[in-house]
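Protein chains in written order, with the working numbering: chain A, 1 to 132; chain B, 1 to 362.
What follows is a set of notes on a single structure, which appears directly below.
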Amino acid sequence: MSNVPADLKYTKSHEWVRTLADGTVEIGITDHAQHALGDLVFVEVPDAGRTVKQDEPCAVVESVKAASDVYAPLAGEITAGNPALADAPETVNSDPYGAGWLMRMRPAAGAVAAAELLSAGDYQKVVAAEGG
Amino acid sequence: MGRKTPLFALHQELGARIVDFGGWDMPVQYGSQIAEHHAVRRAAGVFDVSHMCVVDLKGPRVRAFLAQLLANDVGKLKAAGKALYSCMLNERGGVIDDLIVYFLTESWFRAVVNAGTRDKDLAWIRTHAASFGLEVTERTDLAMLAIQGPEARARALELLAAADREAALGLGVFVGRELGRWFVARTGYTGEDGFEIMMPAADAVPAWRKLNALGVASCGLGARDTLRLEAGMNLYGHDMNESTDPFESGLAWTVALEPPGRAFVGREALEAIRARGPGPKLVGLLLEDRGVLRDHQKVLVPGVGEGEITSGTFSPTLERSIALARVPAATPARVQVDIRGKLLNARVVKPPFVRFGKSLVT
């Protein structure tokens, strides 16, 4: 059974969202997602300053087998991509909710808020429905 | 639900992730695909390749039949047990499949063809075999294990009866023989030493468990793919298919145009293709920038034209991305690859990339 921290928000496409003290959010992929992808060997994160729409592909995680898009859980402006992943993509496997974060963003005013995303319990149902 | 090998329940018990491969439910990995890859390069791993199709061809005219069916020349097979790698072509010179054929006796050859092409291969073989009066038998009663790696033969010997070990150890490269109820061959698809063993289906699970107990790692099709690509070996349906010929697929070495009198299926087409001069070629690519080369990415050859990646992956041994690509004949040593709209630099190299655990590229 994969790890689904109760204090985070989630999407059906297996991203997690953590609201930081300054109102920006940190985004990564879930433990379930990293496990399904297998060993990650390359991660492409967005540059700071890029504006993204909700559900827009904005990062790519590549396992040995395949490349997968990561979608913006919210609309907003990217404030940082995780620079450590260029040299150590496997961090996403080993610490998906911590050092393996992918990007940070400032949610757009008036857009869907992080609070409206899936709770940990709802995300677990999504995973269960996929047979995971 | 796909077809299942005799090892399917064991794969599930071992925690494998199961995927569809050519209509079969097969293990892609048990844990870390990269760890499975390294196990084969550094020690030993075992793969379930029971989905591959073993076909026995029997009859007094079997050699003449294969001389007509295959682009490589079974006339090269002189010693019993020796195997030959060949393409089976259509009349246009396109590759119907690649296969291995073993010469067992003058009235018995054994072919191993790909799982995903089983039905069309068997239909093609039966059509051409009709006039040779052959008996064509698909050996669905057999399982097949590939045990690969520098320690693979030593471990696999422990599966055999003591009386058979010396014979197995004495097998030359690309030679197989029957030992008791098993057929043991010194073949593989990883660039390492090892055996492929065909055995009655009921023997497969105990053999696998014993190998695990001897320290041989369970390995899935994911590692099999990265290993074969490092070894510069083609995968049917990716690097060649019915609309590509062996010359543009890096397989010219498997086409025997000598002796000139051997009339094999596709020969006329290949001679016409060769008379036209150099065509596209299959080369190795080594990505110099960060990223991962993947099938169907476009290769840009400045001043020459374009090509396409036919197999791309991350190489766990080299810790960078490698690929096979079909490119124009005049392609120089440096090209670019379009990865999601970005042009990344790649170097053209001659496969294999890795052999017997050692990098062959610098």
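Where is the CB? At the ideal position from N, CA and C, for every residue including glycine.
This one's a predicted model, so the numbers in the text were calculated from it and none came from an experiment.
Next item on the list: Kindly identify the DSSP beta-bridge partner or partners of residue 16/A.
Entry: Answer by DSSP bridge pairing, in chain order: 10/A and 28/A.
Check: Does residue 125/A come within less than 8 Å of chain B when only Cβ atoms are used?
Finding: no
Next item on the list: Note down, in chain order, all residues in the segment 9 to 34 of chain B with a beta-carbon under 7 Å from any beta-carbon belonging to chain A.
Entry: Correct list: 29, 32, 33 and 34.
Checklist line | Collapsed DSSP secondary structure at residue 95/A in the structure displayed | finding: Look at residue 95/A here: in three-state DSSP terms it is coil, with no helix or strand label.
Notebook entry, point to check: What is the DSSP secondary structure of residue 189/B, reduced to helix, strand or coil?
Noted result: It is coil, neither helix nor strand.
Item checked: Bridge partners - residue 305/B, DSSP secondary structure assignment -> 301/B
Note to self: If distances are taken between C-alpha atoms only, which option among 106/A, 52/A, 66/A and 9/A comes closest to residue 119/A?
What the structure shows: Answer by Cα proximity: 9/A.
Notebook entry, point to check: Which ranges does the alpha helix (DSSP H) cover as unbroken runs of at least 4 residues, wholly within the segment 76 to 128 of chain A, from first to last along the chain?
Noted result: 91 to 94
Notebook entry, point to check: If we call anything under 8 Å between Cβ atoms a contact, is residue 308/B one with residue 298/B?
Noted result: yes
Checklist line | Contacts that residue 86/A makes with chain B (C-beta to C-beta distance below 7 Å) | finding: The contacting residues are 290.
Note to self: Just to confirm the assignment, what range does the alpha helix (DSSP H) spanning residue 12/B have?
What the structure shows: 8 to 13
Next item on the list: Note the first and the last residue of the continuous beta strand (DSSP E) segment covering residue 108/B.
Entry: That run of the beta strand (DSSP E) goes 108 to 113.
Notebook entry, point to check: Residues of chain B with CB under 7 Å from residue 67/A, in chain order?
Noted result: In chain order: 292 and 294.
Note to self: Are the CB atoms of residue 141/B and residue 201/B within a distance shorter than 8 Å?
What the structure shows: Their beta carbons are under 8 Å apart, which means residue 201/B touches residue 141/B by this criterion.
Notebook entry, point to check: residue 73/B: buried (16+ other C-beta within 10 angstroms of its C-beta) or exposed?
Noted result: With 16 or more Cβ atoms within 10 Å of its Cβ, residue 73/B is classed as buried.
Next item on the list: Please check if any C-beta of chain A sits within less than 8 Å of the C-beta of residue 222/B.
Entry: yes
Item checked: Spatial distance of residue 45/A from residue 282/B (CA atoms) -> 32 Å
Check: Helix, strand or coil for residue 212/B per DSSP?
Finding: helix
Note to self: Give me the DSSP bridge partner(s) of residue 137/B.
What the structure shows: 56/B
Notebook entry, point to check: Since residue 368/B is in the beta strand (DSSP E), which residue starts that stretch and which ends it?
Noted result: In this structure chain B extends from 1 to 362, so residue 368/B is not present and cannot be described.
Margin query: I need the boundaries of the alpha helix (DSSP H) containing residue 275/B, first residue and last residue.
Written below: 267 to 275
Margin query: Using a Cβ-Cβ distance cut-off of 8 Å, determine whether residue 47/B contacts chain A.
Written below: no
Next item on the list: Reducing DSSP to helix, strand and coil, say where residue 44/A ends up.
Entry: strand
Margin query: Against chain B, which members of the segment 52 to 64 of chain A pass a CB distance test of less than 9 Å?
Written below: 60, 62, 63 and 64
Check: What residues from the segment 25 to 52 of chain A come within 7 Å of chain B, judged by C-beta to C-beta, listed N to C?
Finding: 38, 39, 41 and 42
Check: According to the neighbour-count rule (16 or more other Cβ atoms, all chains shown, within 10 Å of its Cβ), is residue 173/B buried or exposed?
Finding: The residue in question, residue 173/B, is exposed, as its Cβ has fewer than 16 Cβ neighbours within 10 Å.
Checklist line | Beta carbon of residue 216/B nearer than 8 Å to that of residue 80/B | finding: no
Note to self: For the beta strand (DSSP E) containing residue 105/B, name the first residue and the last one.
What the structure shows: Start and end: 95 to 105.
Notebook entry, point to check: How about residue 314/B: is its C-beta nearer than 8 Å to some C-beta of chain A?
Noted result: yes
Margin query: When you compare the CB positions of residue 49/B and residue 148/B, do they come within less than 8 Å of one another, or not?
Written below: no
Check: In whole angstroms, what separates the C-alpha of residue 88/B from that of residue 117/A?
Finding: 55 Å
Check: Just to check, is the beta-carbon of residue 123/A closer than 7 Å to a non-hydrogen atom of the ligand ZN?
Finding: As presented, the structure is devoid of all ligands, the ligand ZN included, so that no description of it is given.
Note to self: As an exercise, report each continuous alpha helix (DSSP H) stretch of at least 4 residues that is fully enclosed by the segment 308 to 360 of chain B, in chain order.
What the structure shows: List check, alpha helix (DSSP H) in window: nothing returned.
Note to self: Between which two residues does the alpha helix (DSSP H) holding residue 25/B run?
What the structure shows: Where residue 25/B is concerned, there is no enclosing alpha helix (DSSP H), although the beta strand (DSSP E) it sits in stretches over 24 to 29.
Notebook entry, point to check: Which first and last residues belong to the beta strand (DSSP E) in which residue 423/B is found?
Noted result: Outside the shown range of chain B (1 to 362) lies residue 423/B, about which nothing can therefore be said.
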